[in-house]
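Asks:
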Amino acid sequence: MTEIGADVLPAIEHSKPVGEQHELANQGALDKVNEMMAGKLDIVPLAKYMEGIAGKPRGTLGGSVDLNSHFEEFIVREDGNLKVLSLAELQDQLAGQGVTTELLGVASIGNSNQKVTAMVQGVNSDNIQSGFERPTVAEGPHMILAPYATDREGKLHFFRTIQYRTGEASVDTPRGFADARALESGQQMYDVDGAGARVEGNMKRIIGEEAGKKLLDIKRIVYLGAPRVNASFVTSKSALFGVEVDYESFTQGNNVISEEEFQRRKDQFQHEGLMGVVLDMNVDQYANYKRDSEVSRDMAADAPSDIIAIDWLSNRLQAANQVITERQNTLKTFTEVFKEFKKAEPEAYKKAWQKVTSDLHMSASDESTPSETK
Numbered sequence: 240m241t242e243i244g245a246d247v248l249p250a251i252e253h254s255k256p257v258g259e260q261h262e263l264a265n266q267g268a269l270d271k272v273n274e275m276m277a278g279k280l281d282i283v284p285l286a287k288y289m290e291g292i293a294g295k296p297r298g299t300l301g302g303s304v305d306l307n308s309h310f311e312e313f314i315v316r317e318d319g320n321l322k323v324l325s326l327a328e329l330q331d332q333l334a335g336q337g338v339t340t341e342l343l344g345v346a347s348i349g350n351s352n353q354k355v356t357a358m359v360q361g362v363n364s365d366n367i368q369s370g371f372e373r374p375t376v377a378e379g380p381h382m383i384l385a386p387y388a389t390d391r392e393g394k395l396h397f398f399r400t401i402q403y404r405t406g407e408a409s410v411d412t413p414r415g416f417a418d419a420r421a422l423e424s425g426q427q428m429y430d431v432d433g434a435g436a437r438v439e440g441n442m443k444r445i446i447g448e449e450a451g452k453k454l455l456d457i458k459r460i461v462y463l464g465a466p467r468v469n470a471s472f473v474t475s476k477s478a479l480f481g482v483e484v485d486y487e488s489f490t491q492g493n494n495v496i497s498e499e500e501f502q503r504r505k506d507q508f509q510h511e512g513l514m515g516v517v518l519d520m521n522v523d524q525y526a527n528y529k530r531d532s533e534v535s536r537d538m539a540a541d542a543p544s545d546i547i548a549i550d551w552l553s554n555r556l557q558a559a560n561q562v563i564t565e566r567q568n569t570l571k572t573f574t575e576v577f578k579e580f581k582k583a584e585p586e587a588y589k590k591a592w593q594k595v596t597s598d599l600h601m602s603a604s605d606e607s608t609p610s611e612t613k
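Using this note's numbering, read the sequence shown as starting at 240 and increasing by one per residue.
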């Protein structure tokens with residue numbers, strides 16, 4: 240594991256269920272569904288569908304008639320001018336010039352980290368009229384982090400930054416590509432247990448690279464899973480990590496990015512905590528942030544913190560229920576003892592009960608308001 244100074248990053252823990260689980264809400268049940276449905280609802284590249292599977296041509300009607308596609312647009316330069324042409328318009332021009340190549344569509348578009356591919360979903364090999372086209376998005380796997388800490392009073396805190404993307408400021412959290420080579424290899428997830436260095440690197444973004452070890456005291460790293468926004472059209476996964484830091488150390492850097500650094504990032508249009516301030520939210524503030532329909536936020540960024548909050552609140556509720564149960568059992572025991580006492584020593588029980596009620600009355604008087612005691 241990567242060292243920070245003389246210290247070593249903690250081993251990455253894997254989040255596991257605790258207590259009751261629904262019989263269908265587990266990976267074993269999902270694996271059985273996959274086996275049962277295998278081959279009945281496949282998703283294949285458009286080129287493969289058109290080459291050997293196609294029961295429907297590309298068109299604009301949909302349903303059982305065609306794939307309801309042909310919406311591509313191409314940027315072309317004609318006589319020195321830029322124009323946007325539809326697939327049909329471009330095909331007509333090519334045909335008019337005697338080009339024998341038939342333009343059928345776009346297979347994919349992207350760069351080294353992201354790619355959008357034309358796919359046909361819902362293909363059933365037993366039904367030639369099945370399938371509909373939709374784009375799918377692939378990216379190098381992301382790492383989304385949820386920095387959190389517990390203060391000296393045992394209260395939970397979540398940390399966020401202000402990011403600026405697509406012309407809108409939003410509450411966000413550190414993230415980054417976990418492995419930019421994933422698209423080339425077809426890999427969907429990287430080595431989670433060896434990801435400590437990437438966790439550290441992305442965590443530094445929330446407090447500033449210059450802060451170093453002093454403010455980045457990582458106590459615990461928990462892998463929370465690898466969800467996708469929508470598996471139907473997003474093929475890449477985002478690894479979620481809960482990162483527990485030392486509260487006292489971390490909050491020293493609540494404004495570690497200087498005004499000069501903030502201006503530099505703004506001028507260069509970098510969006511890595513542009514406000515230069517870390518948001519420190521307790522559980523109540525975080526709950527109200529989630530309730531607020533007016534606040535612009537990234538729901539993917541909230542996912543790991545939501546898991547941590549649910550886990551923490553569940554543990555607190557379980558502890559509170561245990562205390563209530565213990566008190567109820569104690570009260571039941573005392574009730575049984577007093578019943579036996581009443582039967583065996585009725586006079587002594589009567590005197591004891593009178594003393595208890597008298598003490599309770601005195602206690603109530605002591606707690607009265609000043610105006611009531613005058």
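Beta carbons: idealized from backbone N, C-alpha and C, even for Gly.
Quick check: the Cα distance between Leu269 and Leu280, rounded to an integer number of angstroms?
Replies: By one-based count along the sequence shown, residue 269 stands at place 30. By one-based count along the sequence shown, residue 280 stands at place 41. Computed Cα separation, rounded: 15 Å.
Asks: In the structure shown, what three-state DSSP assignment does Pro466 receive?
Replies: The residue given as residue 466 occupies position 227 in the sequence shown. The answer is coil: DSSP assigns Pro466 none of H, G, I, E or B.
Asks: For Val338, which three-state DSSP category applies?
Replies: Position 99 of the sequence shown holds residue 338. Coil, per DSSP.
Asks: With DSSP collapsed to three states, give me the class of Ala377.
Replies: For the purposes of this step, residue 377 is taken as the residue at position 138 of the sequence shown. Strand, per DSSP.
Asks: Give me whichever residues DSSP pairs with His396 in a beta bridge.
Replies: Along the sequence shown, one-based indexing puts residue 396 at 157. For His396, which the question treats as bridged, DSSP gives the partners Ala388 and Asn521.
Asks: Based on Cα-Cα distance, which residue from Ser475, Ala540, Phe480 and Gly379 lies nearest to Val431?
Replies: In the sequence shown, residue 431 corresponds to position 192, counting from 1. Checked all of Ser475, Ala540, Phe480 and Gly379; the closest Cα to Val431 is Phe480.
Asks: How many Å lie between Gln266 and Thr340 at the Cα?
Replies: What you label residue 266 is simply residue 27 of the sequence shown in a count that begins at 1. What you label residue 340 is simply residue 101 of the sequence shown in a count that begins at 1. In a straight line, the C-alpha of Gln266 is about 47 Å away from that of Thr340.
Asks: State the start and end residues of the unbroken alpha helix (DSSP H) segment that holds Ala346.
Replies: Position 107 of the sequence shown, counting from 1, holds the residue named residue 346. Unbroken run through Ala346: none, as it is neither H nor E.
Asks: If you follow the alpha helix (DSSP H) that Thr572 is in, where does it begin and where does it stop?
Replies: Here residue 572 is taken as the residue at index 333 of the sequence shown, counted from 1. Where Thr572 is concerned, the enclosing alpha helix (DSSP H) stretches over Met538 to Ala583.
Asks: With three or more beta-carbon pairs closer than 8 Å as the criterion, would you say the stretch 367–380 touches the stretch 467–481?
Replies: They touch, by the three-pair rule.
Asks: Just mark Met276 as buried or exposed, buried being the case when its beta carbon has 16 or more other beta carbons within 10 Å.
Replies: Translated into the one-based positions of the sequence shown, residue 276 becomes position 37. It is exposed - the Cβ of Met276 has fewer than 16 other Cβ atoms within 10 Å.
Asks: So for Glu328, helix, strand or coil by DSSP?
Replies: Walking along the sequence shown from the start, residue 328 turns up at place 89. Three-state result, Glu328: helix.
Asks: So, for Arg467: in the same chain, excluding its five sequence neighbours on each side, which residues have a beta-carbon less than 6 Å away from its beta-carbon?
Replies: Position 228 of the sequence shown, counted from the start, is the residue given in the question as residue 467. So the list reads Val473 and Lys476, once near-sequence residues are dropped.
Asks: Can you tell me where the beta strand (DSSP E) holding Leu269 begins and where it ends?
Replies: Translated into the one-based positions of the sequence shown, residue 269 becomes position 30. Per DSSP, Leu269 belongs to no beta strand (DSSP E); it is in the alpha helix (DSSP H), Gln266 to Met276.
Asks: Answer yes or no: do Thr412 and Arg399 have a C-beta to C-beta separation smaller than 8 Å?
Replies: Stepping through the sequence shown from its first residue, residue 412 is reached at position 173. Stepping through the sequence shown from its first residue, residue 399 is reached at position 160. Yes. Within cutoff.
Asks: With distance defined between alpha-carbon atoms, name the residue in Pro256, Ser532 and His381 nearest to Ala465.
Replies: On the sequence shown, position 226 is the one that residue 465 refers to. Out of Pro256, Ser532 and His381, His381 has the C-alpha closest to the C-alpha of Ala465.
Asks: Can you give the Cα-Cα distance for Lys255 and Lys571, rounded to whole angstroms?
Replies: On the sequence shown, residue 255 is found 16 positions in, with the first residue counted as 1. On the sequence shown, residue 571 is found 332 positions in, with the first residue counted as 1. If I take the Cα positions, the gap works out to 36 Å.
Asks: Within 10 Å of its beta-carbon, does Gly439 have 16 or more other beta-carbons around it, so buried, or fewer, so exposed?
Replies: On the sequence shown, position 200 is the one that residue 439 refers to. Looking at the sequence shown, residue 439 is not Gly but Glu. By the neighbour-count rule (16 or more Cβ atoms within 10 Å), Glu439 is buried.
Asks: According to DSSP, is Asp281 part of a helix, a strand, or is it coil?
Replies: Counting from 1 along the sequence shown, the entry for residue 281 is found at position 42. Note: Asp281 maps to strand in three-state DSSP.
Asks: If you drop the 5 nearest sequence neighbours on each side, which residues of the same chain put their C-beta closer than 8 Å to that of Ser366?
Replies: Working through the sequence shown from its first residue, we reach residue 366 at position 127. Per the sequence shown, the amino acid found at residue 366 is Asn instead of Ser. Within the same chain, Asn366 has close Cβ partners Gly294.
Asks: Using only the heavy atoms of the ligand ZN, determine whether one of them is closer than 7 Å to the beta carbon of Glu341.
Replies: Here there are no bound small molecules, and the ligand ZN is not part of this structure.
Asks: Quick check on Gln593: does DSSP put it in helix, strand or coil?
Replies: Along the sequence shown, one-based indexing puts residue 593 at 354. It is helical.
Asks: In terms of alpha-carbon separation, which member of Val484, Asp537, Val461 and Ser488 lies closest to Asp550?
Replies: Reading the sequence shown from its first residue, position 311 is the one you call residue 550. Checking every option, the nearest Cα to that of Asp550 belongs to Val461.
Asks: Where does Val576 land, buried or exposed, given buried means 16+ other C-beta within 10 angstroms?
Replies: Position 337 of the sequence shown, counted from the start, is the residue given in the question as residue 576. Counting Cβ neighbours within 10 Å, Val576 comes out exposed, since fewer than 16 surround it.
Asks: Return the CA-CA distance between Gly415 and Ile563, expressed in angstroms with no decimal places.
Replies: Here residue 415 refers to the residue found at position 176 when the sequence shown is read from its first residue. Here residue 563 refers to the residue found at position 324 when the sequence shown is read from its first residue. Spanning the two alpha carbons is a distance of roughly 45 Å.
Asks: What three-state label does DSSP hand Asn352 in the structure shown?
Replies: Along the sequence shown, read from residue 1 onward, the residue named residue 352 stands at position 113. In the structure shown, Asn352 sits in coil (DSSP, three-state: anything other than H, G, I, E or B).
Asks: Provide the residue span of the alpha helix (DSSP H) that contains Glu487, from first to last.
Replies: Residue mapping note: residue 487 aligns to position 248 of the sequence shown, counting from 1. That run of the alpha helix (DSSP H) goes Tyr486 to Thr490.
Asks: How should Leu556 be labelled, buried or exposed, when 16 other C-beta atoms within 10 angstroms of its C-beta is the threshold for buried?
Replies: Numbered from its first residue, the sequence shown carries residue 556 at position 317. It is exposed - the Cβ of Leu556 has fewer than 16 other Cβ atoms within 10 Å.
Asks: Drop a sphere of 10 angstroms on the beta-carbon of Leu422, count the other beta-carbons inside from all chains shown, and report buried for 16 or more, exposed for fewer.
Replies: Position 183 of the sequence shown holds residue 422. Unreliable positioning characterises Leu422 in this predicted model, as indicated by a pLDDT of 49, which lies under 50. A coordinate reading is not provided.
Asks: Under the three-state reduction of DSSP, which class applies to Leu455: helix, strand or coil?
Replies: Counting from 1 along the sequence shown, the entry for residue 455 is found at position 216. The answer is coil: DSSP assigns Leu455 none of H, G, I, E or B.
Asks: Tell me which residue opens and which closes the beta strand (DSSP E) that His253 is part of.
Replies: In the sequence shown, counting from the first residue as 1, residue 253 sits at position 14. Ile251 to His253 is the extent of the beta strand (DSSP E) around His253.
Asks: Applying the 10 Å Cβ sphere with the 16-neighbour rule, what's the burial state of Val484?
Replies: One-based indexing of the sequence shown puts residue 484 at position 245. Val484 should be labelled buried.
Asks: Could you check which residue in Leu342, Leu463 and Leu324 has the C-alpha nearest to that of Pro386?
Replies: Counting from 1 along the sequence shown, the entry for residue 386 is found at position 147. Closest option to Pro386, Cα to Cα, is Leu463.
Asks: Run through the DSSP bridge pairs and tell me what Gly298 is partnered with.
Replies: Here residue 298 refers to the residue found at position 59 when the sequence shown is read from its first residue. In the DSSP output, where bridge partners are listed per residue, Gly298 has none listed.
Asks: Keeping to the same chain, check which residues put their C-beta closer than 6 Å to that of Thr596; ignore five residues upstream and five downstream.
Replies: Reading the sequence shown from its first residue, position 357 is the one you call residue 596. Result list for Thr596: empty, nothing under 6 Å.
Asks: Just the C-alpha distance for Leu321 and Arg437, rounded to the nearest angstrom, thanks.
Replies: On the sequence shown, position 82 is the one that residue 321 refers to. On the sequence shown, position 198 is the one that residue 437 refers to. Between Leu321 and Arg437, the C-alpha separation is close to 43 Å.
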